[in-house]
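Everything on this sheet refers to the single structure shown next.
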Amino acid sequence: MPTDDFGLPSESWRWPEHTWRGHVDAVRAGRRLVPDRWPGGARVAVALSFDSDHETIPLRDGETSPGRLAQGEYGARVGAPRILDLLARYGVPATFFMPAVSALVHPEESRAYTRDGHELAVHGWIHERNMLLGREDEKELTARALDTLTTLTGRRPVGIRTPSWDFSDSTLDIMLELGFAYDSSLMADDEPYEIVTEGRPTGLVEIPVDWIRDDAPYFTMDRYGSVRPHSRPRDVREIWTDEFDAAYRDGGVFQLTLHPHVIGHRSRLVALRELLDHIAAHPGVWYATHAQLADVARGVLHGRTAAGSAADTPEHTP
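Here's what the structure looks like:
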């Protein structure tokens with residue numbers, strides 16, 4: 001039977017129900033995990049994240065030219081320090097998802113994240129495409145990445161974001177086996193939810209992402225391909241501002257994914273600073289790492305309120 005690029009039968013309209021239903025039910029969004037109120041009585045939760053990919057993007061693809069590697073080095077050399085300074089100025093915590101190879105190339109950077117009160121979480125070994133890996137390879141690379149970040153910082157990460165923002169047939173089982181508390185790779189909601197598989201709850205919290213709230217689609221460039229930046233930074237800031245305003249009205253979560261080698265450029269960092277100014281003008285904002293947000297979500301899952309245990313954090317308005 002002919003297959004498409006993903007190895008599935010191209011004539012999917014021929015699939016019997018058990019085939020298409022099996023694919024649909026493999027990984028689904030379960031219960032939405034939003035408390036009646038956020039810690040400290042806050043109206044909205046804001047979770048900023050940065051994927052510190054640096055040189056791993058070209059390395060993953062076997063590209064070793066100094067030019068390509070320099071684009072990634074910019075993220076570590078210039079972008080990350082600027083971001084840490086900006087976050088410190090606003091008193092805002094964030095989560096940094098870092099491939100293990102990035103952390104090994106820049107060990108002091110990985111330690112700076114946790115030293116400054118931010119969260120460091122797993123983002124694969126070398127930004128590999130987990131969808132193309134067999135189960136054992138994917139598990140070995142994920143476990144190695146987890147151990148590497150733990151060794152470098154002395155803290156075991158509790159969260160993961162897959163490098164490809166997708167799950168293979170094995171990804172969910174691997175996350176559960178390795179004891180992750182949350183994932184942040186899927187897009188089934190605006191708010192945190194529990195992942196279910198084949199109708200069964202897993203207890204794993206999902207903090208969803210979306211390309212709308214990611215800087216890479218707006219600003220990245222491939223010299224030899226068709227990818228070209230097409231957005232003015234302030235136009236992107238307007239999109240993110242609208243996303244925050246809607247989350248504020250809904251009493252939900254505003255989650256953002258950025259990259260030091262992308263957002264760290266001068267003109268683009270202006271957009272992030274103006275966004276933070278806009279958020280700061282609103283009362284009742286709770287800034288949280290993804291781990292803190294997952295703790296609150298898990299409290300909802302187990303019938304606790306946002307005022308309990310790890311959620312006992314006062315609202316933070318810089």
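Take the sequence shown: its letter number 103 is residue 103 in UniProt numbering, and every next letter is one higher. Don't be surprised by glycine CBs; every beta carbon is placed ideally from N, CA and C. It should be emphasised that the depicted structure is a prediction, and the values quoted were computed from it without experimental measurement.
Per DSSP, the bridge partner or partners of residue i
{"i": "T95", "result": "S49 and E119"}
{"i": "A42", "result": "W38"}
{"i": "V285", "result": "V44"}
{"i": "D214", "result": "T257"}
{"i": "G159", "result": "Y182"}
Start-to-end residues for the beta strand (DSSP E) that takes in residue i
{"i": "E194", "result": "Y193 to T197"}
{"i": "T202", "result": "R200 to E206"}
{"i": "R28", "result": "R28 to R32"}
Simplified DSSP assignment, three categories, for residue i
{"i": "R254", "result": "According to the sequence displayed, residue 254 carries Phe and not Arg. Three-state result, F254: strand."}
{"i": "G75", "result": "helix"}
{"i": "G264", "result": "coil"}
{"i": "Y182", "result": "strand"}
{"i": "A112", "result": "helix"}
{"i": "G299", "result": "helix"}
{"i": "M187", "result": "coil"}
{"i": "R223", "result": "coil"}
{"i": "E274", "result": "helix"}
{"i": "T64", "result": "coil"}
{"i": "E55", "result": "coil"}
{"i": "F167", "result": "coil"}
{"i": "residue 323", "result": "There is no way to answer for residue 323, as the model of the chain reaches only from 1 to 318."}
{"i": "R304", "result": "coil"}
Sequence-distant residues of the same chain with beta carbon closer than 7 Å to residue i, five excluded per side
{"i": "residue 319", "result": "Any property of residue 319 remains undetermined from this structure, which presents the chain solely from 1 to 318."}
{"i": "Y248", "result": "R43, V44 and H282"}
{"i": "L275", "result": "R237, W240 and T241"}
{"i": "W211", "result": "P217"}
{"i": "I207", "result": "A47, Y182, S184, P192, Q255, H290, L293 and A294"}
{"i": "V205", "result": "L33, A181, Y182, P192, E194, A294, A297 and R298"}
{"i": "I160", "result": "A121, V122, M175, F180 and D183"}
Residue i, enclosing alpha helix (DSSP H) - first and last residue
{"i": "R129", "result": "No alpha helix (DSSP H) holds R129; DSSP gives it neither H nor E."}
{"i": "S102", "result": "A100 to V105"}
{"i": "A230", "result": "Correcting the residue type first, residue 230 is His in the shown sequence and not Ala. Neither: H230 is in no alpha helix (DSSP H) and is coded neither H nor E."}
{"i": "E138", "result": "R135 to T153"}
{"i": "V209", "result": "Run containing V209: none; DSSP gives neither H nor E here."}
Residues near residue i in its chain [Cβ-Cβ closer than 8 Å; skip 5 each side]
{"i": "E315", "result": "Confidence in E315 is poor, its pLDDT being 45 and thus under 50, which makes the residue's placement unreliable; the coordinate value appears in the next sentence. Correct list, in chain order: W38, P39, G40, G41, A42, G284, V285 and W286."}
{"i": "G264", "result": "Y74, G75, V78, G79, A80, R82 and I83"}
{"i": "R266", "result": "none"}
{"i": "T220", "result": "V227, P229 and V262"}
Neighbourhood of residue i by C-beta, 6 Å cutoff - its chain only, sequence neighbours within 5 removed
{"i": "L152", "result": "A103, P107 and S110"}
{"i": "Y113", "result": "F96 and L120"}
{"i": "M131", "result": "S164, D166 and S168"}
{"i": "H23", "result": "none"}
{"i": "T19", "result": "none"}
{"i": "T202", "result": "I195"}
Problem set entry | the stretch 224 to 236 / the stretch 183 to 197 touching (three or more Cβ pairs under 8 Å) | no
For this session: Answer yes if the stretch 64 to 83 comes into contact with the stretch 142 to 149, meaning at least three C-beta pairs across the two stretches below 8 Å, and no otherwise.
Result: no
For this session: For the stretch 21 to 31 and the stretch 215 to 235, state whether three or more C-beta atom pairs, one from each stretch, are separated by less than 8 Å.
Result: Put simply, the stretch 21 to 31 does not touch the stretch 215 to 235. Fewer than three CB pairs are less than 8 Å apart.
Exercise. Quick check: the stretch 45 to 55 against the stretch 84 to 95, are there 3 or more CB pairs under 8 Å?
Worked result: yes
Exercise. For the 8 Å Cβ check, are there 3 or more pairs between the stretch 128 to 141 and the stretch 165 to 173?
Worked result: Contact between the stretch 128 to 141 and the stretch 165 to 173 is present, because at least three Cβ pairs lie under 8 Å.
Exercise. Can we say the stretch 288 to 305 touches the stretch 173 to 182, given the rule of at least three CB pairs closer than 8 Å?
Worked result: Cβ pair count under 8 Å is three or more, so yes.
Exercise. Is the stretch 210 to 227 touching the stretch 256 to 263, taking contact as three or more C-beta pairs under 8 Å?
Worked result: Segment contact: the stretch 210 to 227 against the stretch 256 to 263, three or more CB-CB distances shorter than 8 Å; contact assigned.
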